[in-house]
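J.: Can you keep this structure in mind? I'll have questions shortly.
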Amino acid sequence: QQKVQQSPESLIVPEGGMASLNCTSSDRNVDYFWWYRQHSGKSPKMLMSIFSNGEKEEGRFTVHLNKASLHTSLHIRDSQPSDSALYLCAARRAMGYKLTFGTGTSLLVDP
Amino acid sequence: DAGVTQTPRHEVAEKGQTIILKCEPVSGHNDLFWYRQTKIQGLELLSYFRSKSLMEDGGAFKDRFKAEMLNSSFSTLKIQPTEPKDSAVYLCASRQTENTLYFGAGTRLSVL
Numbered sequence: 631q632q633k634v635q636q637s638p639e640s641l642i643v644p645e646g647g648m649a650s651l652n653c654t655s656s657d658r659n660v661d662y663f664w665w666y667r668q669h670s671g672k673s674p675k676m677l678m679s680i681f682s683n684g685e686k687e688e689g690r691f692t693v694h695l696n697k698a699s700l701h702t703s704l705h706i707r708d709s710q711p712s713d714s715a716l717y718l719c720a721a722r723r724a725m726g727y728k729l730t731f732g733t734g735t736s737l738l739v740d741p
Numbered sequence: 388d389a390g391v392t393q394t395p396r397h398e399v400a401e402k403g404q405t406i407i408l409k410c411e412p413v414s415g416h417n418d419l420f421w422y423r424q425t426k427i428q429g430l431e432l433l434s435y436f437r438s439k440s441l442m443e444d445g446g447a448f449k450d451r452f453k454a455e456m457l458n459s460s461f462s463t464l465k466i467q468p469t470e471p472k473d474s475a476v477y478l479c480a481s482r483q484t485e486n487t488l489y490f491g492a493g494t495r496l497s498v499l
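Okay, structure coming up:
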């Protein structure tokens, strides 16, 4: 059964600092990754997605993907208290329909 | 555009009761998912519908969990009978095929 592992489980960064979150799939057939953000008591919302090797940047957020190692990372620069949330990584198999989620990284940005 | 609507937001049940959770997907979305979220297990897939047809019924969740999609704009998740270990947040999500998944606000279920 496909597993999506996220690390660290929790992370504290100072306001203005850089947060780095990791995600790896155990399934060699995975071809697409998403990052979702879930504020406390709210629903998960899609932040970024990536399927090509390399990096993708949107504002303060950068996602990297290494398809050979099935590893993706999310980097948040100039972290703000409003970035404090649970960050979920999801992966999909090629030609598949469902997303398998990791258990998340809980990020706290300390003002 | 309305997002995914879930009701109720909170539900408290006695062990052994039957509860029904409701979901209205985003209009025009073809795919609908039911997930259960706990701190330990994260998001676990319960059911998946494509164009109202049940594509996956959640394996280990089959015996007491039943999801239905009566029409393209309404789905229910029935848990019968409830057990304390079912206490969790139940999330409904929808998408147009292969696109971004949109989640509802969830139903927080407590089983006493």
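Chains X and A, in that order, give the protein sequences.
Residue 631 is where the first sequence starts when you use this note's numbering, and the numbers rise one by one after that.
Residue 388 is where the second sequence starts when you use this note's numbering, and the numbers rise one by one after that.
Just so it is clear, CB atoms sit at the ideal spot from N, CA and C, and this is done for glycine as well.
1. Just the C-alpha distance for X:D661 and X:R722, rounded to the nearest angstrom, thanks.
2. DSSP three-state label for X:D713, please.
3. At which residues does the beta strand (DSSP E) containing A:L430 begin and terminate?
4. Between the Cα of A:G429 and those of X:P741, X:V693, X:H694 and X:L718, spot the shortest distance and give me the residue it belongs to.
5. So the candidates are A:L499, A:G493 and A:S414; which of them puts its Cα closest to the Cα of A:S474?
6. What's the C-alpha gap between X:K697 and X:F681?
7. Mapping the DSSP letters down to three states, classify X:K672 as helix, strand or coil.
8. Go ahead and pull the three-state DSSP assignment for A:K472.
9. Taking only beta-carbon positions, decide if A:F420 is within less than 9 Å of chain X.
10. My output table needs one value for A:G446: the three-state DSSP class, helix, strand or coil.
11. To which residues does DSSP link A:V418 through a beta bridge?
12. Comparing the C-beta of A:F452 with each C-beta of chain X, is any distance below 9 Å?
13. Locate the beta strand (DSSP E) running through A:A400, then write down its first and last residues.
14. By Cβ distance, which residues of its chain are closer than 6 Å to X:L720, with the 5 residues on each side in sequence left out?
15. How many whole angstroms separate the CB atoms of A:A492 and X:K672, which I take to be in contact at a CB cut-off of 8 Å?
16. Please go through the same chain and pick out, in chain order, the residues whose beta-carbon is closer than 8 Å to the beta-carbon of X:S699, but skip the five residues on each side of it.
17. For A:A492, which residues in chain X fall below 9 Å Cβ to Cβ?
18. Once you ignore the five residues that flank A:V476 on each side, which residues in its own chain have a CB closer than 8 Å to its CB?
T.: So, from the listed chains and residues:
1. So the alpha carbons of these two residues sit roughly 6 Å apart.
2. helix
3. First-last of the beta strand (DSSP E) with A:L430: G429 to R437.
4. X:L718
5. A:L499
6. 8 Å
7. coil
8. Residue state, collapsed to three classes: helix.
9. yes
10. helix
11. The sequence shown places Asp at residue 418 of chain A, not Val. A:D418 pairs with A:R437 and A:R482.
12. no
13. H397 to A400
14. Checking the sequence, you will find Ala at residue 720 of chain X rather than Leu. W664, L729 and F731, listed in sequence order.
15. 7 Å
16. T654
17. Chain X residues near A:A492: G671, K672 and S673.
18. If we look at A:V476 and ignore the five residues flanking it on each side, its Cβ neighbours are R423, Q424, T425, G493, T494, R495 and L496.
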